[in-house]
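Written below as structure tokens is the structure these notes are about.
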Amino acid sequence: MDADFDAFLHPAPRLTIVALLAPAGWTEFGFIRDAIDTSDSALSKQLSALAAEGYVEVRKQVGVGVRRTLARLTPQGREAFVRHAAALERIAATARTARPADALSGQDRRPQLPVD
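Its first residue numbered 10, the sequence shown is counted upward by one per residue in this note's numbering.
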């Protein structure tokens, strides 16, 4: 496995959140929820996990009658995302250039059918 592959970051919900936050600064919870089409509770759970790992910072703002939750990537989270994305690109590039026989150490071990 590629050394930059981040198994914690790889599950689709987390990777989608981090990819959405990568080009942004502070982003509203509701925007993230709607953009990735998830529930409040599912997003909250994933943001908490990402924050516990140090990848995301979450801030709650209280205004007059309004509470807003904002999130952004930390420098550590941004670096982890860049490294993980590069690992995925390398894995995909390897898959695109590999031939089916390469997986069998250069030998095609499928049974040969008789030709009539």
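Even glycine gets a Cβ: it sits at the ideal position worked out from N, Cα and C.
* To do: Using 7 Å as the cut-off, classify the Cβ of residue 54 as near or not near the heavy atoms of the ligand HEM, replying yes or no.
  => The ligand HEM is not among the ligands present in this structure, which contains no ligands whatsoever.
* **Enclosing alpha helix (DSSP H) for residue 39 [first to last residue]** => Residue numbering aside, residue 39 sits at position 30 when the sequence shown is read from its first letter. Element bounds for residue 39: 38-45.
* Output the distance between the C-alpha atoms of residue 104 and residue 12, rounded to the nearest integer angstrom. => If you number the sequence shown from 1, residue 104 lands on position 95. If you number the sequence shown from 1, residue 12 lands on position 3. If you take the alpha carbons of residue 104 and residue 12, they lie about 17 Å apart.
* Evaluate the contact criterion for the segment 69-79 versus the segment 16-31: three or more CB pairs, one atom per stretch, below 8 Å. => Result no; under three Cβ-Cβ pairs closer than 8 Å.
* Residues that DSSP places opposite residue 77 in a beta bridge -> Within the sequence shown, numbered from 1, the residue matching residue 77 stands at position 68. Per DSSP, 70.
* Enumerate in chain order the residues of its own chain whose CB-to-CB distance from residue 126 is below 7 Å, with the five nearest sequence positions on each side excluded. => The structure shown does not extend to residue 126, since the chain is modelled only from 10 to 125, so the question has no answer here.
* residue 9 lies in the alpha helix (DSSP H); which residues open and close that run? -> Residue 9 falls outside the range modelled here, since the chain spans only 10 to 125, and no answer is possible.
* **Segment limits, alpha helix (DSSP H) that includes residue 52** => Taking the sequence shown and counting its residues from 1, the one referred to as residue 52 is at position 43. Note, residue 52: alpha helix (DSSP H), 49-61.
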